[in-house]
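Quick note: the sequence shown, position 8, residue 36 per the working numbering, numbers continuous.
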Amino acid sequence: MTQLQVRLAEAASTLDKIESTRAESRNPSFGENTERLLIAREIAELERNILEDPGDLERFLVRLR
Numbered sequence: 029m030t031q032l033q034v035r036l037a038e039a040a041s042t043l044d045k046i047e048s049t050r051a052e053s054r055n056p057s058f059g060e061n062t063e064r065l066l067i068a069r070e071i072a073e074l075e076r077n078i079l080e081d082p083g084d085l086e087r088f089l090v091r092l093r
């Protein structure tokens with residue numbers, strides 16, 4: 029597995045644990061900040077990776093200056 033795959037798997041596991049705790053505690057807002065931070069971090073990292081090496085996605089990208 030690549031580093032990205034490992035990190036995404038760990039983030040997914042953490043999100044599953046948060047969801048489980050929400051259900052058990054009946055608190056729908058439990059872990060909201062952690063959830064947002066995890067998702068924002070992964071999206072930012074994916075964006076950096078794509079911009080560094082866009083590959084086939086290059087034709088879809090518009091660079092702003």
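Beta carbons are placed, not taken as given, at the ideal position from N, Cα and C, and that holds for glycine. Quick caveat, the model's predicted, so the values are computed rather than measured.
Quiz item: Arg76 to Leu85, Cα distance in whole Å?
Solution: Taking the CA atoms as reference points, Arg76 sits about 13 angstroms from Leu85.
Quiz item: Can the beta-carbon of Arg50 be found closer than 8 angstroms to that of Pro56?
Solution: In this structure, Pro56 lies closer than 8 angstroms to Arg50 by Cβ.
Quiz item: By DSSP, does Asn55 sit in helix, in strand, or in coil?
Solution: Asn55 falls in the coil class under three-state DSSP.
Quiz item: Alpha carbon to alpha carbon, how far is Pro82 from Val34?
Solution: When rounded, the distance between both Cα atoms is 21 angstroms.
Quiz item: Considering only C-alpha positions, which residue in the set Glu60, Glu70, Leu92 is nearest to Gln31?
Solution: Taking only the C-alpha atoms, the option nearest Gln31 is Glu70.
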